[in-house]
Each structure stands twice: as C-alpha cells, then as structure tokens.
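Trainee:
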Amino acid sequence: MAGPLQTLSFDSVIAALKAAGETTRLRILALLGEAELTVKDLTAILGQSQPRISRHLKLMSEAGLIDRYPEGAWVFYRLTERGAV
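Counting with numbering that gives the first Met the number 0, you get residues 0 to 84 for the letters of the sequence shown.
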C-alpha cells in the first residue's frame, strides 16, 4: 500500500520540509494537530504578533501542509493529510 509520501514528488517533499523547518512553524503544526485554530488563537497561544503568525501560516499553506477555511467571520486553519505526515 502506497503511503502519502510515495505519491509526492521530491520537490514537493523538499518544499514541505522547508516550510516546516522553523521552530514556530513546527509549534503551529503541533497545535493544529490537536485542534483547528484561528490566527487569533495562535497569537494568544504563541505570544507572537498577528503579522508574524499570518506569514508562517501563508508559507505552510502554500506548501500544502495546512488548509484555511472560513466559518462566518473567522478563518480557521487545520492540517492537511500531507501536513499530518
């Protein structure tokens, strides 16, 4: 049975590793592994500014590690299957 990494190209694996390869982003991935969170939640938990958290989320979203989805006035973030690997 093929696992998720076997279906990814080498370049996409490298991009995902680069996106996750920073302490704050690793912490965000761990938090999103436990619950779906908003930028406001993450800024409160991590004690970092909204622009900084948003930048990290954008990089991880572009790498396919997380998804963003609107719910009313809020935007929630969650791990993708790829991000959970």
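Glycine is no exception: its CB is placed at the ideal position from the N, C-alpha and C atoms.
Is it buried or exposed, Ala72, if we count other Cβ atoms within 10 angstroms and call 16 or more buried?
Mentor: By the neighbour-count rule (16 or more Cβ atoms within 10 Å), Ala72 is not buried but exposed.
Trainee: I believe Ala14 touches Ala62 by the beta-carbon criterion, under 8 Å. Please report the beta-carbon distance rounded to the nearest angstrom.
Mentor: At roughly 5 Å, the Cβ-Cβ gap stays under 8 Å, so Ala14 and Ala62 are in contact.
Trainee: Quick check on DSSP: helix, strand or coil for Glu61?
Mentor: Here Glu61 sits in helix by DSSP.
Trainee: What separation, rounded to the nearest whole angstrom, lies between the Cα atoms of Met0 and Ala19?
Mentor: Any answer about Met0 is weak, because its pLDDT of 43 lies below 50 and its placement is not dependable; what the coordinates show is given next. One C-alpha to the other measures close to 26 Å.
Trainee: How long is the line joining the alpha carbons of Val38 and Pro69, rounded to whole angstroms?
Mentor: Using only the alpha carbons, I get a separation of about 12 Å.
Trainee: Along the chain, where does the alpha helix (DSSP H) that runs through Ala29 open and close?
Mentor: Looking at the DSSP string, the run of the alpha helix (DSSP H) that includes Ala29 is 22-33.
Trainee: Return the residue from the list Arg67, Gln49, Ser60 that minimises the CA-CA distance to Ser11.
Mentor: Comparing Cα-Cα distances from Ser11 to each of Arg67, Gln49, Ser60, the minimum goes to Ser60.
Trainee: Please list the terminal residues of the continuous alpha helix (DSSP H) segment that includes Thr42.
Mentor: Here the alpha helix (DSSP H) through Thr42 covers 38-45.
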